[in-house]
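Undergrad:
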Amino acid sequence: MSTLDVLLQQVVNGLALGMMYALLALGFTMVYGIIELINFAHFSVFMTGTFVGLVVLSLMGVTATSQSLTGLALVGVLIALFLVTMAVTGLLGVLIERVCLRSLRNVSGTAPMITTIGVAFILINAMLLIWGPQAQRFPQLLPNWRWALGGAEVTFKQLVLFVVGLLLMIALSHLVRRTTLGKAMRATAQDADAARMMGIDVDRVIVLTFFLGSALAGAGSLFFGLYYGFTGYYIGYTTGLRAFTSAVLGGIGSIPGAVLGGLFIGLTQSLGGQLLGVKWTDVIIFSILITVMVFRPSGLLGARTPQKT
Amino acid sequence: MGALAGRLGERLGLARWRALPIGRRRQILAPVLLAIGLAFPFMTSNAGNVDAAANAYTYVLLALGLNIVVGFAGLLDLGYAAFFAIGAYGYGIVASGQLKPEWSSLWAPLEWAGQVSRLAVPGQPEIVQFHFSFWPMLAISAIICAIFGMLFGAPTLRLRGDYLAIVTLGFGEIVPVVARNWEGLTNGAQGLGGIHTPKLFGFDFGFSPYPYYFLGLGLVAAAVWVSIRLQESRLGRAWMAIREDELAAGAMGVNHVHYKLLAFAMGAAVGGLGGTFYVAKLTTATPDMFTFPVSVMVLVMVVLGGLGSIRGVVLAALFLAFLQSVILQELTEYVHALGRLVGSDFLQRVELITSLELIFGLILVVMMIFRREGLWPAVRRVSALTLEQQAAAPARGAAVELSWARPAPGAAAGRPLLEIESLRKSFGGVTAADDITLTVHAGELVSVIGPNGSGKTTLFNLITGLIAPEAGSIRLEGVEIGGRPSHEIVARGVARTFQNIRLFNNLSVLENLLVGEHTRLQAGVLGAIFRPPRVREEEERAVKSALEVVEIFGNRLRPRLDHPAYGLSYANRRRTEIGRAIMTRPKLLLLDEPAAGMNPAETLELMDLIRSLRGFGVTVVLIEHKLDVVMDISDRVIVLDHGVKIAEGAPAQVRGDERVIEAYLGRRRRAA
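If you're matching them up, the sequences are chains Z and X in order. Residues in the first sequence are numbered consecutively from 1, following the working numbering. Residues in the second sequence are numbered consecutively from 1, following the working numbering.
1) Would you say X/Phe360 lies against chain Z (beta-carbon separation less than 7 Å)?
2) Can you tell me where the beta strand (DSSP E) with X/Pro122 in it begins and where it stops?
3) DSSP state of X/Phe346, grouped into three classes?
4) Give a yes or no on whether 7 Å exceeds the smallest Cβ distance from Z/Val292 to chain X.
5) Which one of X/Arg234, X/Thr584, X/Gly615 and X/Ile166 has the shortest CA to CA distance from X/Leu251?
6) Mind listing the chain Z neighbours of X/Thr354? Cutoff is C-beta to C-beta under 9 Å, in chain order.
7) May I ask you to list, following chain order, the residues of the region 562–576 of chain X that have a beta carbon less than 7 Å from some beta carbon of chain Z?
8) Taking only three categories from DSSP, how would you classify X/Ser612?
9) Got a sec? Which residues, its chain only, sit under 7 Å from X/Glu244 by beta carbon, not counting five neighbours each side?
10) So the alpha helix (DSSP H) X/Gly48 belongs to, where does it begin and stop?
11) In chain order, which alpha helix (DSSP H) runs of at least 4 residues are fully inside the region 527–601 of chain X?
12) Select from the region 239–265 of chain X all residues with a C-beta closer than 9 Å to any C-beta belonging to chain Z, and list them in chain order.
13) Below 8 Å, how does it come out for the region 578–598 of chain X and the region 363–376 of chain X: are there three or more Cβ pairs, yes or no?
14) Determine the direct distance from the alpha carbon of X/Tyr89 to that of X/Gln190, and round the result to whole angstroms.
15) How would you write the range of the beta strand (DSSP E) that X/Val494 sits in, first residue to last?
16) Beta carbons nearer than 7 Å to chain X: which residues of the region 7–27 of chain Z have them?
17) With 7 Å set as the bound, which would you pick, yes or no: does the beta-carbon of Z/Asp201 sit closer than that to a beta-carbon of chain X?
18) Evaluate Z/Ile117 with the Cβ neighbour count: other Cβ atoms within 10 Å of its Cβ, from every protein chain shown; 16 or more gives buried, anything less gives exposed.
19) Less than 7 Å between the C-beta atoms of Z/Val45 and Z/Thr89, yes or no?
20) Taking the C-alpha atoms as reference points, what is the distance between X/Gly429 and X/Ile140?
21) Using the beta-carbon of each residue, which ones in chain X are nearer than 7 Å to Z/Ile117?
22) Any idea what DSSP makes of Z/Pro133, helix, strand or coil?
23) By the DSSP assignment, the beta strand (DSSP E) with X/Gln129 in it spans what residues?
24) Flag this pair as yes or no: are the beta carbons of X/Gln499 and X/Glu605 separated by less than 7 Å?
25) So which of Z/Phe28, Z/Gln9 and Z/Val6 has the shortest CA-CA distance to Z/Gly240?
26) Is there a C-beta anywhere in chain Z that falls below 7 Å from the one on X/Leu170?
27) Extract the residue ranges of the beta strand (DSSP E) inside the region 107–189 of chain Z, only unbroken runs of 3 or more that lie entirely within it.
28) Is X/Val177 close to chain Z? Criterion is C-beta to C-beta, closer than 7 Å.
29) Where X/Thr439 and Z/Ser254 are concerned, what is the direct C-alpha to C-alpha distance, given to the nearest angstrom?
30) May I have a chain-ordered list of the beta strand (DSSP E) segments no shorter than 3 residues that lie completely inside the region 444–495 of chain X?
31) Can you look up X/Phe207 in the DSSP assignment and give me helix, strand or coil?
32) Taking the beta carbon of X/Ala411 as the centre, do at least 16 other beta carbons fall within 10 Å, making it buried, or is it exposed?
33) Run down chain X in chain order and give the residues with a C-beta less than 7 Å from the C-beta of Z/Leu104.
34) Nearest by alpha-carbon distance to X/Arg26: which of X/Gly306, X/Ala391 and X/Ile228 is it?
35) Does the distance from the CB of Z/Gly262 to the CB of Z/Ala25 come in under 7 Å?
36) From the DSSP output, read off the bridge partner residues of Z/Thr48.
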């Protein structure tokens, strides 16, 4: 492979990865947009999602040692897997909001964020207790098809990730722009009190936002499992922070920004890893995070500044 | 149960203890606690306990350091373990065989100081062997960490709350990654090994836990002492003011850049001490010792004890360390025994220590939901006012005097104090100050009136440096102050109050007032810690000055000096805010709607007070909507409308002005 082909290959890989970060970043951005909370628990919901996926698959009789499926069986299993996992992680998000965050909604300062750190630790260690410290193999459902793209190649896995991610984002964008719920969400994000006076059930909007954000994290977690073929209690933190960087980079609170940021971070990871060595990936990404925070806190597409006064 | 505890407390003289002044209590408690600490190793025969206690002291150090940053200054640092790491590697690298540079004469001074030695390798150039002494490195690590604290803190200065936390978390992630990847310096993932143990007068600390225990105890005692001294100094008050309300702190003369960096530096330095102590005891350092869970663990200690509460933080850190090293392990053995008894394989394999982080998570969530102030909070409870005090008729001291009062202007009257020329500021499409020119003379009482949105508060914000003008000049006694930072303007003699009262809510009335004195005091870090006579006198003067200012309000604030500001009535909040502004010894005092929300009697009392301020040589500019009040007390009235000065003159003159009536009531329809 020539250098150009290697770079092309890394672009393809980066875009597929970026889809996963984008899905996760959407959850951060939606919650922040509505209640101005940086939700650390989101990392761990994502991580929990991979284990939910494992359970769902084993209930359907698919384990790490099974043959990869094809045809209608594959489509059916995938649809069931995504629907159930997203529903479960969505409900987990709702549970976190109801039990831990609702009573803190009007508390100013960093208390709600500290709470979400606590929730993250609880979930991470609950999974550690249940599944143990070792990595779990995630079933490789998708057949190992690949196509040449110039000198690089695209795998079926990457294609599925990209297409499913795109579909979910189109659905989300439709929901936010075209439906009554979306209008209620946008109104709540602008001014929760005014929205309440206009008859919007703000509690319901917030719960639904947590549901949608966490469901997208669930989808992202399946992307992780299918792409890397393993999971473990520790995967949420690093991936989550990268996704968070995506959200900040795109402009936290901005939905298109989260997608753009996710793709950018995906590309940074694959190209940066190629050029500077994988071990420096996190330094690059956190440097981006700090730089954006300091010089352009509103991100690439965000309008509001995150300075609270 | 409660009654029983109460009776027990009575028996033990708890009430009498509580009645003692805080300084006296400390004089008694400090030797007792120190004696218990010193006696502990002799009370246990198990060296493991002493070792665990020495480790616990490391956590206490870290928690005290983080408490300076998060508890005092309110800057949530999620990457605090970075300083633990820097302190650890700072000593570890120069006290182990990690670096072996070639010998050159540059090393000679260090060789002379006994910190390095030459090692001859057959057939190769001589190399340098590092064996830096522990004691100077303890100080050097603290200084290095303080520098890194400022470096990591600097980018966060403009950010608040959540965002600051994220940036610190980013640095907290980068440091262990660098430690893992910079193998030449840190030996990578394997970490440093064979770090030298401290020596004192020829005595090698070695691997016995006892010397480390006593060293740890000494470091903790020093950190507690420094924390208390800092908290109760000009620095501590400045930090807490920033924590409570950064903008108001600036308007009282606190330079937030300076004090935030100082908090980061002090917190980091204590973390660095902890790191150096810990690796000297452990003799190894690996990158895994300093990851995010460590930062969170230290945060849990601070949150559990109570943000800003020194005693709470120390106890919580000791408790969590004890939980980790003793309680969970003992419990595990009980659970295993139970498992053998009931024949449960699962119970026999349970390791509760692996649930430590689960417990941390639960503590964070439960504390945040149910008890955010911590188990042993910093704010002391105050006794309620007696009925007599509550029902006392308002009384004003007949002849109040301020020791710093300037001569009331007689001859000086007419000298321009504040000169504003062609001042302009717009927000988006709205011009809030449009070519404003005005002069305030020393000793005058000027009111600024105008309909809502006419730019009155913007004018105050421009004068006090909260916003910068686009054009024009603002001169105080001939010196340009336009666009200068607020703390500088305060120091030059301009103070203000806010339309929507901005007190430091969790500070007492007295502390609020003392923050106002900030620019008139000088104590720095060393002064605050060692409190030499100069600083002690300065503090006494400040308190005396605060008591004088309180007298201006008669018996309104006097019985409430120790009450937290959040518990005050509306009128007393206004009074405290005005008092705080007077504490800055202003030449020019800007009052933004001081009578808003006050009843007629309170308003009259306030007007008396404002008049009396002139007696201290303070020039007052007032924004007020109660026009009867304005017309009554002002020498001169300035009317703004849509950012333009539309009238200026004596009250009677302004009252009849056609344009003023138009601005307030609308244009009169004219007959064609």
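Each residue gets a CB set at the ideal place from its N, CA and C atoms; glycine is no exception.
TA: On the basis of the data shown:
1) X/Phe360 counts as touching chain Z.
2) Per DSSP, X/Pro122 belongs to no beta strand (DSSP E) and is neither H nor E.
3) Three-state result, X/Phe346: helix.
4) Residue contact check for Z/Val292 against chain X: no CB pair falls below 7 Å.
5) First, the residue type needs correcting, since residue 251 of chain X is Ala and not Leu in the sequence shown. Ranking X/Arg234, X/Thr584, X/Gly615 and X/Ile166 by CA distance to the CA of X/Ala251 puts X/Thr584 first.
6) Listed along chain Z, the residues sitting closer than 9 Å to X/Thr354 by beta-carbon distance are Asn125, Leu128, Leu129 and Pro133.
7) Among the residues of the region 562–576 of chain X, none has a Cβ less than 7 Å away from any Cβ of chain Z.
8) In this structure, X/Ser612 counts as helix in the three-state DSSP scheme.
9) Its chain contains Phe504, Asn505, Asn506 and Leu507 as the residues whose beta carbon lies nearer than 7 Å to that of X/Glu244, once the 5 sequence neighbours on both sides are disregarded; these appear in chain order.
10) Where X/Gly48 is concerned, the enclosing alpha helix (DSSP H) stretches over Ala47 to Leu66.
11) You should have 533–552 and 570–583.
12) Within the region 239–265 of chain X, the qualifying residues are Glu246 and Leu247.
13) Short answer: they don't touch.
14) The straight-line gap from Cα to Cα measures roughly 13 Å.
15) Counting along the chain, the unbroken beta strand (DSSP E) around X/Val494 starts and ends at Val494 to Arg496.
16) Shown here is that no member of the region 7–27 of chain Z has a Cβ falling below 7 Å from a Cβ of chain X.
17) Taking Cβ atoms only, chain X never reaches closer than 7 Å to Z/Asp201, which makes this a no.
18) So Z/Ile117 ends up on the buried side.
19) Yes, the Cβ-Cβ distance between Z/Val45 and Z/Thr89 is below 7 Å.
20) X/Gly429 and X/Ile140: Cα-Cα distance of roughly 54 Å.
21) Those within 7 Å of Z/Ile117 in chain X are Val296 and Leu364.
22) Three-state result, Z/Pro133: coil.
23) For X/Gln129, the enclosing beta strand (DSSP E) begins and ends at Ile127 to Phe130.
24) Going by C-beta atoms, X/Gln499 is not nearer than 7 Å to X/Glu605.
25) When each option's Cα is compared against that of Z/Gly240, the closest is Z/Phe28.
26) With the sequence shown as reference, residue 170 of chain X is identified as Gly, and Leu is not the correct amino acid for it. It does: the Cβ of X/Gly170 has a partner Cβ on chain Z nearer than 7 Å.
27) Segments of the beta strand (DSSP E) lying fully in the region 107–189 of chain Z: 146–149 and 152–155.
28) The beta carbon of X/Val177 sits closer than 7 Å to some beta carbon of chain Z.
29) The C-alpha of X/Thr439 lies about 47 Å from the C-alpha of Z/Ser254.
30) The qualifying runs are 445–449 and 471–476.
31) Note: X/Phe207 maps to coil in three-state DSSP.
32) Residue placement at X/Ala411 is flagged as unreliable, the pLDDT there being 46, under the threshold of 50; the coordinate-derived value follows with that caveat. Flag for X/Ala411 reads exposed.
33) Chain X residues near Z/Leu104: Met368 and Ile369.
34) Here the closest residue by C-alpha is X/Ile228.
35) Yes; because the gap between Cβ atoms is below 7 Å, this pair is in contact.
36) Among the bridge pairs identified by DSSP, Z/Thr48 is matched with none.
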